[in-house]
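Data block below; observations after.
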Amino acid sequence: MTVFKACFMIVKRHYAALALYFSIFMVLAVAMTALSADNFSTDFSATRPAFTLITRDGHTPLLAGLASYLREHGNEVVLDDRTEALQDASFYHATDYIAIVPQGFHDAFFDGEPLKIETVLTTESAKGYYADRLVTQYLNLARLYQAAGDIDEETIISSVLKDLSIEAPVEKKHFGAGAPVNEGFQLYAQIVCYIIIVLIILCISNITSAFRRPDLRMRNLCAPTKPRSFSGQQILCGAVVSIAAWLLLMTIGFALYGSQLSGTDGRIIGLILLNTFIVTVVALSLASLASLFIRSPNSQSAAANLLALGLCFLGGVFVPLHMMGESILTVSKFTPTYWYSTALEHICTLTSFGGDVLAPVWQAMLMQLAFALAIFCVALVISKYQNQSERFFSSIQTELEA
Amino acid sequence: MFRNIYWKRILRTLRDKATLFWTWIFPIIMATLFYVVFANLDVMGQLHEIPLGVIDTESYQQDISLHSALESVSDENGDTLFTVSLFGNTDEADIALENGDIDGYVLYDLMGDDPTLVVSDDGLNQTLAKRFLDGYLQIKNSVSIQATERLSSLLEEETYTKEISLSNNPPTEKVNYYYALLAMMCLYGGFQGLITVTYLQSNLSPLGARQAMAPVGRMRMVAYDLLGGLTMHFLCLLIAVAYIIFVLGTDFGSKLWLVLLTCFVGSVLGVAFGAMVSLTSKLKEAAKVALLITVTMVCCFLSGLMVGGVNYTVAEKAPVVAWLNPAARITDAFYCLYYYDTYERFFLNIGIILIMALAMLTVTALFVRRQRYDSI
Amino acid sequence: MIQVHNLVKRYGDLIALDHFDLTIHKGEIFGLLGPNGSGKTTAINCMLSLLKYSKGEVKLFGQPMGPNRYALKKRIGVVMQNVAVFNELTVIENINYFCGLYVPDKAKRKALVEEAIDFTGLGDYRKFLPKKLSGGLLRRLNIACGIAHKPELIFLDEPTVAVDPQSRNHILEGIRKLNQDGATVVYTSHYMEEVEQLCSRIMIMDKGKAVATGTKEELKAMIRTGEKLTVELHALPESILEEIRGIEGLVQVDYADNTLTMRYAAGGHHLSTVLDILRRHDISFGRVFSEPPTLNDVFLEITGTELKD
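Chains as they are written, first to last, in this note's numbering: chain F, 1 to 402; chain Z, 1001 to 1376; chain P, 2001 to 2309.
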């Protein structure tokens, strides 16, 4: 167990770098919690678009009514009537819908020759369309009353607003046992995959590259310990570190989101945990392969980041799979992370636990395990080849020399 | 003398594989990943046909106005809002709803009450379906007060709005990620500044001490070396911009020369930043690199590299932070070139970047002029 | 060539150089000898104006030295204690770079670089990156970078630390040759054998002070002890030991581990006297060694501590 203990000491020495990655990840996770305002309720709540109303026609009851109607159904974003301010807001999606009421709109409207309200929507934005429907409905009803007879403006507006308060009843059906998985927790479970891969690659490559330093390796070969025992203990240490990392990350996950999970079915949470554990195994296999090619601290951080970022971007960890193009998805299927996010997505939409319903979940998990196994085998073959060839004895650098 | 220092610096940069990876290869890989995963980003919030179910009851069959209204928005030829499917009973519709085949269904109560919308989730599609029913009921109500016979014609609304465009180039979420990425690359120029100062300051490295003994003016040596680093860094930005424009096909607007100017000014700022950070002998080199990366990443986060639109929020809520954030200024300069028709804000951005760079270079110059140290 | 007067350097409370004086003449190989932390490197860095000093003055070539005295710097070559070369540049590029800081003319520089490569025997390693060089070769490169521009005054700060014997001889040989070619050399080391072999004049430093200066003969003459005599013998009765101790001119007599060690006072010669006593008492003895005093003895006597680490 000497090797095992030495491995732990090596990991400990690198705690600063590991802590750095860890804290970056925590900031990311907390930021995401803040962004994902998840309020599960049994009542239907309508989506509220962000709208901006720019009036170049002074204050008239017609427009005041429109503004109050829009405010009821959307969130107002107040902007200056400057081209740049409007450009910025629409470019950065600060507002979904900008309506610019031209001068003379009010008079023209009641003269029967309405001027058009200029609108700015992000290309084919659905929320913008919704806001546009609201405006159209309001003006449509106003026209209706105005055409009906000689009523004054105030009355028209109040009748219109009264009509507009009519709403169709909505019934929200809820399927399945408990509350759906908290969105924040789901996001956390999703991106935890990234940090698991980075942390484990860094840990394992720290251990192996220390042992692969040529002088140390030659010294170790002289020791009365079997090479198999050396690598065995290294792998064991790697596994222990991985499981510790997994436990830590899961504990933090529950600490952050536990309160929002009380209503969720325990079996779903169990499956999520199983899924993250499986991806930990995948990360371990990736790390054992990557560490065969890592020879210096520089290539170590490069490899860890590249592998993790690449796999996570391609596998739909950072950006949902449905946002990607078809051709990319074909490639994605060849990453274990794709099957991780697929499994997670299936788990989170589970409403029952029948064999048929669970089949895609098991399939995605098995795919991950198959990836892990395949990567392990490749790593084994390569390490065997490396052990036999002499050139791998040289040109290994660790931070001790650098 | 100039050639000796300048070219050797360029040679060294080319052979420094770690820095080369982080400043040249890594951003290009990131750009490729952005390209891959953001392919559908602009299509995300777009309007798609909403699958809506209707329970085929007698009440529904009898309400011709609802019928025709639904048909008018699920017209095969024109603008299609809904794809309507009919269900014999609520059980069938519930199964379709649970499987996500439909976003909701309309239940026209047999008692003759108002039609009810049944959904299983909140969302924009559901909201639009509700909006449709709301509108139908509202119009129906108004008309019942007035003339019922005009109902169907009224359901075909007049258009009161027309869409306009604020800029020559279409707004797109994608480009800002590339802009922020280029800002990150510019700030990575800090590595070059760090290398220059570390290897020229006698209190920072043995090499610095040796070079301090050379019979060449300090300022000249630092300037030549920085120039070499800057050249290489600008070259790396040129490659990245060329890659993003020509290989990935991202639109930077038509003012390519000004895009390059922005890259250059940004590189100067990055190099100056790195040079300033590395002046202190209190931190180890690794700590300085960590500081550079951390500051760069925080600045880039605030300019929207990780989450799009953060830069706008910061500019609205904390304008001072936004104006002092070099990455945000660089990103904004690119954005101005793409989206604005005028140049005031672009040149204001360039001016701010230059002032920051100048301030940092001045600090560096003041410290570098000192050559004797209490300890080395 | 070098005049240092009353130099004081403090690091906080620690006094690294304590009223340090030094004069070095043209054509000398001047050795600064002292244990680690005795202020050798600090003294050199102060002379080079790399360090601020609290008090005192430094003149090189008869002119006050300062960070901007480029005319002076041009005539100086420096080989630092730590290897200071660019990892990204090959052997020849490194030498060319450092030489280029002194000699702008390209053709002239090329010849100088080649000369430096020959001089340090790095001919086979021209295109190697420093990473690929062994410790000794790296030191040679370090030296080549410092002397390629043919300086008149060369500072070598422990150039032989961690160097294999072959490279060390090569380096020492080279320094001698530089000196023959007219360069004045300032050399620091804590290997006294090296200094003894190489240097024409030596200064022994301890705790920031110059404790003794002179040629090695002068230094050895300064101390009480002269040659050291060692005799191997099996048994030595106390009475005979006392008798030996009684010999006039013996400074120190010890008997331990079957070895009798004696030191003469300077200039004395008592081998036969001691051996006569032993023979008289029929005590058989094994091998007999006689060593002249070393700089270590000088150091030991002056400071009371061993020079060796």
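Even for Gly, the Cβ is constructed at its ideal location relative to N, Cα and C.
Computed from a predicted model, the values in this text were never measured in an experiment.
Subject >> the stretch 228-237 of chain F touching the stretch 3-15 of chain F, judged by at least three CB pairs closer than 8 Å >> reply: yes
Original post:
Between which two residues does the alpha helix (DSSP H) containing N2006(P) stretch?
Top reply: No alpha helix (DSSP H) holds N2006(P); the beta strand (DSSP E) holding it covers 2002-2011.
Original post:
Mind checking if G1351(Z) is an interface residue toward chain F, Cβ cutoff 8 Å exclusive?
Top reply: no
Original post:
chain F beta carbons: is any one of them nearer than 8 Å to that of I1102(Z)?
Top reply: no
Subject >> Cβ-based contacts, 7 Å cut-off: residues of the stretch 1315-1332 of chain Z near chain P >> reply: none
**OP:** Inspect the beta-carbon positions of L1292(Z) and L1194(Z) and report whether they are closer than 8 Å.
**Re:** Taking 8 Å as the Cβ cut-off, L1292(Z) and L1194(Z) qualify as a contacting pair.
**OP:** Please state if the CB of D2157(P) and the CB of V2079(P) are separated by a distance shorter than 8 Å.
**Re:** yes
Original post:
If I1330(Z) sits next to I1353(Z), beta carbons under 8 Å apart, how far is it from one beta carbon to the other, in whole angstroms?
Top reply: 7 Å
**OP:** Measure the alpha-carbon distance for T83(F) versus P102(F) and round it to whole angstroms.
**Re:** One Cα belongs to T83(F), the other to P102(F), and the distance between them is close to 15 Å.
Subject >> With 16 other Cβ atoms within 10 Å as the buried cut-off, status of I195(F) >> reply: buried
Subject >> Exposed unless 16 or more other CB atoms sit within 10 angstroms - verdict on I1095(Z) >> reply: exposed
**OP:** With DSSP as the reference, label Y2264(P) as helix, strand or coil.
**Re:** strand
**OP:** Mind checking the stretch 2053-2085 of chain P against chain Z and listing, in chain order, the residues whose C-beta falls within less than 9 Å of any C-beta there?
**Re:** Of all residues in the stretch 2053-2085 of chain P, the ones placed with a Cβ closer than 9 Å to any Cβ belonging to chain Z are Y2053, G2066, P2067, N2068, R2069, Y2070, A2071, L2072, K2073, K2074, R2075, I2076, G2077, V2078, V2079, M2080, Q2081, N2082, V2083, A2084, V2085, in chain order.
Original post:
List, in order along the chain, the chain Z residues whose C-beta lies closer than 7 Å to that of P2104(P)?
Top reply: M1001
**OP:** Measure from the alpha carbon of N1141(Z) to the alpha carbon of each residue in R217(F), C348(F), L164(F), T119(F), then state which is nearest.
**Re:** Nearest C-alpha to N1141(Z): L164(F).
**OP:** Report all residues from its chain with a CB closer than 8 Å to the CB of L314(F); omit the five preceding and five following residues, and keep chain order.
**Re:** Closer than 8 Å at the Cβ level, and outside the excluded window around L314(F), lie I328, V331, S332, T335, T337, Y338.
Subject >> Under the three-state DSSP convention, the category A99(F) falls into >> reply: In the structure shown, A99(F) falls within a strand segment according to DSSP collapsed to helix, strand and coil.
**OP:** Entirely within the stretch 2004-2064 of chain P and at least 3 residues each: give me those beta strand (DSSP E) ranges in chain order.
**Re:** 2014-2024, 2029-2033, 2055-2060
Original post:
Can you find at least 3 beta carbon pairs, one from the stretch 289-296 of chain F and one from the stretch 250-264 of chain F, that sit closer than 8 Å?
Top reply: no
**OP:** Say whether chain Z places a C-beta atom closer than 8 Å to the C-beta of M365(F).
**Re:** no
Original post:
Going along chain F, which residues have a C-beta under 9 Å from N1203(Z)?
Top reply: By Cβ distance, chain F contributes nothing, its closest Cβ being about 21 Å from N1203(Z), past 9 Å.
Original post:
Which residues in the same chain as E2291(P) place their Cβ atom closer than 7 Å to its Cβ, once the five residues preceding and following it in sequence are excluded?
Top reply: E2227, K2228
Original post:
Helix, strand or coil: how does DSSP classify P360(F) here?
Top reply: helix
Original post:
How many Å lie between G1190(Z) and G1266(Z) at the Cα?
Top reply: 11 Å
**OP:** Check each candidate in D107(F), M323(F), T60(F), A50(F) and name the one with the smallest Cα separation from L1124(Z).
**Re:** A50(F)
Original post:
Comparing the C-beta of Q1138(Z) with each C-beta of chain F, is any distance below 8 Å?
Top reply: So yes, Q1138(Z) belongs to the interface.
**OP:** Would you check if the stretch 69-81 of chain F and the stretch 1324-1339 of chain Z touch, i.e. whether three or more CB-CB distances between them fall below 8 Å?
**Re:** no
Subject >> is_contact[A1214(Z), chain P] using C-beta, thresh 8 Å >> reply: The beta carbon of A1214(Z) sits closer than 8 Å to some beta carbon of chain P.
Subject >> Neighbour flag for R1012(Z) against chain F, beta carbons, 8 Å >> reply: no
Original post:
Is the CB of V1207(Z) under 8 Å away from at least one CB in chain P?
Top reply: The sequence shown places Leu at residue 1207(Z), not Val. Taking Cβ atoms only, chain P reaches closer than 8 Å to L1207(Z), which makes this a yes.
Original post:
Residues in its own chain within less than 6 Å of I117(F) by CB, not counting five upstream and five downstream?
Top reply: Cβ within range, chain order: A99, V101.
**OP:** Let me know if F1038(Z) comes out buried or exposed under the rule of 16 or more other beta-carbons within 10 Å of its beta-carbon.
**Re:** Counting other Cβ atoms within 10 Å of its Cβ, F1038(Z) reaches 16 or more and is therefore classed as buried.
**OP:** Note down, in chain order, each residue of its chain lying with its Cβ closer than 6 Å to the Cβ of T1364(Z), except the 5 sequence neighbours on either side.
**Re:** Counting only Cβ-Cβ distances below 6 Å, and skipping sequence neighbours, we find A1275, M1276.
Subject >> Contacts around G2249(P), its chain only, beta-carbon distance under 8 Å, and the 5 residues preceding and following it disregarded >> reply: For G2249(P), the CB contacts under 8 Å within the same chain, skipping 5 residues up- and downstream, are Y2264, A2265, G2268, H2270 in chain order.
Original post:
Beta-carbon of Y1373(Z) versus every beta-carbon of chain P: anything under 8 Å?
Top reply: Yes, Y1373(Z) lies at the interface with chain P (some Cβ there is under 8 Å from its Cβ).
Original post:
Cβ of D1016(Z) less than 8 Å from any chain P Cβ?
Top reply: Closer than 8 Å to some Cβ of chain P, the Cβ of D1016(Z) qualifies, so yes.
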